[in-house]
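Numbering (our numbering), first residue to last: 86 to 408.
Now the structure itself:
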């Protein structure tokens, strides 16, 4: 079934339209764009015409508020596509409850985020922060460090990000085990269910959390689970901050039970200036920034363009989210 040729009013950023407008029009010639260009509010009449919106990576975080306020006011919105894989924000829940279709660009940022995980592991295993401090002091400071080869890494969550972390870790000759809600039997490494998380944590030198956030996974890494981790293990979170009881993590790092951490996400963002994590010499902080590459934003846009073509032809959309 082909959609009627009525105007398809699409709300996108000026950046997206400048780069991909021609491709979007090829996918659906009926598109009439409404562009996010500044913080100036749109007239109600304009918002009422919008039927599709694309929350793209170039908007986050600087213009997220302006775009989301407009999306919430677009009472005739039918479909929202987001560049991010995570849709745990209350905005997305509100849209779903209103009957708005939501799709995402899951997988677009897996390469970038997995490479950030490798960066954390290389930096922590070699104590790169200490080398940097010695460089600032102009000190020639040689020391030994640990290799990643032969170490055991537990990857908790086997979506696109987790699978790419597994692939890169295997390339580094690490022993890889994984954990997901329900193993499928075709995983690229020994894989356990979330009910066996404590077993996976007990054996790992490195723990990487790449789970989605929902009611079942909130604070899945708590004081009890951290206590089951091997003394000296290093912890990495590229999922959501709320997956972890942050105070329990801080305590384990302060006591030395955990050897270090690489953190891209936090319970409160931006991370409060008074957080003890900022001053820990064995913690690497990135400001929810592990996916921010031109390549990942481009891949996310390509998924949206493909979905626009599917929508125009009445086909099933990729990566549709349901309640």
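Here a beta-carbon is modelled for each residue, glycine too, at the ideal position from N, C-alpha and C.
> Whole-angstrom Cβ separation of residue 354 and residue 331, contact assumed at under 8 Å?
Replying inline: Stepping through the chain shown from its first residue, residue 354 is reached at position 269. Stepping through the chain shown from its first residue, residue 331 is reached at position 246. Between residue 331 and residue 354 the Cβ distance is about 11 Å, and since that is not below 8 Å, they are no contact.
> Apart from the five residues on each side of it in sequence, which residues of its chain come closer than 8 Å, Cβ to Cβ, to residue 121?
Replying inline: The sequence position of residue 121 within the chain shown is 36, counting from 1. For residue 121, where only same-chain residues beyond five positions count, the Cβ hits under 8 Å are 96, 97, 98, 99, 144, 148, 151, 152, 155.
> Grouping DSSP H, G and I as helix and E and B as strand, with all else coil, what is residue 87?
Replying inline: For the purposes of this step, residue 87 is identified with residue 2 of the chain shown, where counting begins at 1. Unreliable placement is indicated for residue 87, whose pLDDT of 44 sits below 50; the coordinate value is still reported in the next sentence. Reduced to three states, the DSSP call for residue 87 is coil.
> So the alpha helix (DSSP H) residue 221 belongs to, where does it begin and stop?
Replying inline: As a working mapping, residue 221 is identified with position 136 in the chain shown. Start and end: 213-221.
>> Using the Cβ count rule (16 or more neighbours within 10 Å means buried), how would you classify residue 258?
In response: Residue numbering aside, residue 258 sits at position 173 when the chain shown is read from its first letter. Looking at its Cβ environment, which holds fewer than 16 other Cβ atoms inside 10 Å, residue 258 is exposed.
>> Report the CB separation of residue 285 from residue 262 in whole angstroms; it is logged as a contact under 8 Å.
In response: Working through the chain shown from its first residue, we reach residue 285 at position 200. Working through the chain shown from its first residue, we reach residue 262 at position 177. With a Cβ gap of about 6 Å, residue 285 and residue 262 count as contacting.
> Considering only residues of the same chain and omitting the five flanking positions on each side of residue 378, which have a CB-CB separation below 6 Å?
Replying inline: One-based indexing of the chain shown puts residue 378 at position 293. Once the five neighbours on either side are set aside, the close Cβ partners of residue 378 are 197.
> What is the rounded straight-line gap between the Cα of residue 166 and the Cα of residue 222?
Replying inline: For the purposes of this step, residue 166 is identified with residue 81 of the chain shown, where counting begins at 1. For the purposes of this step, residue 222 is identified with residue 137 of the chain shown, where counting begins at 1. Their Cα atoms are separated by approximately 49 Å.
>> Please return the same chain residues whose Cβ sits closer than 7 Å to the Cβ of residue 92, not counting the five positions on each side in sequence.
In response: Position 7 of the chain shown, counted from the start, is the residue given in the question as residue 92. Closer than 7 Å at the Cβ level, and outside the excluded window around residue 92, lie 115, 117.
> Nearest CA to the CA of residue 236: which residue from 208, 201, 290, 183?
Replying inline: In the chain shown, the residue the question calls residue 236 occupies position 151. When each option's Cα is compared against that of residue 236, the closest is 290.
>> Are the CB atoms of residue 343 and residue 302 within a distance shorter than 7 Å?
In response: Within the chain shown, the letter at position 217 stands for residue 302. Within the chain shown, the letter at position 258 stands for residue 343. No; because the gap between Cβ atoms is not below 7 Å, this pair is not in contact.
>> Only counting the same chain, and skipping five residues up and downstream in sequence, which positions put a Cβ closer than 6 Å to that of residue 113?
In response: The count along the chain shown starts at 1 and reaches residue 113 at position 28. Answer for residue 113: 93, 393, 397, listed in chain order.
>> Between which two residues does the alpha helix (DSSP H) holding residue 389 run?
In response: Against the chain shown, residue 389 aligns to sequence position 304. Note, residue 389: alpha helix (DSSP H), 379-398.
> Where does residue 382 land, buried or exposed, given buried means 16+ other C-beta within 10 angstroms?
Replying inline: Counting from one through the chain shown, the residue named residue 382 turns up at place 297. Looking at its Cβ environment, which holds 16 or more other Cβ atoms inside 10 Å, residue 382 is buried.
>> Below 8 Å on the Cβ atoms is my contact criterion, and I expect residue 349 with residue 201 to pass it. Report the Cβ-Cβ distance as a whole number of Å.
In response: Here residue 349 refers to the residue found at position 264 of the chain shown. Here residue 201 refers to the residue found at position 116 of the chain shown. For residue 349 against residue 201, the beta-carbon gap comes to about 7 Å, under 8 Å, which counts as contact.
> If you draw a straight line from the C-alpha of residue 207 to the C-alpha of residue 316, how long is it?
Replying inline: Along the chain shown, read from residue 1 onward, the residue named residue 207 stands at position 122. Along the chain shown, read from residue 1 onward, the residue named residue 316 stands at position 231. Each residue's Cα considered, the two are about 19 Å apart.
>> Could you tell me which whole alpha helix (DSSP H) segments of length 4 or greater appear in the region 216-302?
In response: 245-256, 282-287
> How should residue 230 be labelled, buried or exposed, when 16 other C-beta atoms within 10 angstroms of its C-beta is the threshold for buried?
Replying inline: For the purposes of this step, residue 230 is taken as residue 145 along the chain shown, with counting starting at 1. Classification of residue 230: exposed, given that the 10 Å Cβ count is below 16.
> Excluding sequence positions up to five away, which residues of its chain have a Cβ less than 6 Å from the Cβ of residue 218?
Replying inline: For the purposes of this step, residue 218 is identified with residue 133 of the chain shown, where counting begins at 1. Excluding residues within five positions, none has a Cβ falling inside 6 Å.
>> So, with DSSP's three-state summary, where would you put residue 317?
In response: For the purposes of this step, residue 317 is taken as the residue at position 232 of the chain shown. Note: residue 317 maps to coil in three-state DSSP.
> Does DSSP classify residue 145 as helix, strand or coil?
Replying inline: For this step, residue 145 is matched to residue 60 along the chain shown. Reduced to three states, the DSSP call for residue 145 is coil.
> For residue 370, which of helix, strand or coil comes out of DSSP?
Replying inline: Taking the chain shown and counting its residues from 1, one reaches residue 370 at position 285. In the displayed model, residue 370 falls within a strand according to three-state DSSP.
> Helix, strand or coil for residue 120 per DSSP?
Replying inline: Translated into the one-based positions of the chain shown, residue 120 becomes position 35. Residue state for residue 120 is assigned as strand, using DSSP reduced to three classes.
>> Taking 6 Å as the limit between beta carbons, can you name the residues of its chain near residue 402, skipping five residues before and five after?
In response: Residue numbering aside, residue 402 sits at position 317 when the chain shown is read from its first letter. For residue 402, where only same-chain residues beyond five positions count, the Cβ hits under 6 Å are 188, 392, 395.
>> Quick check on this structure: which residue in 216, 168, 215 has the alpha carbon closest to the alpha carbon of residue 195?
In response: One-based indexing of the chain shown puts residue 195 at position 110. When only C-alpha atoms are compared, the closest one is 168.
>> Quick check on residue 96: does DSSP put it in helix, strand or coil?
In response: The residue labelled residue 96 in the question sits at position 11 within the chain shown. The answer is strand: DSSP assigns residue 96 an E or B state.
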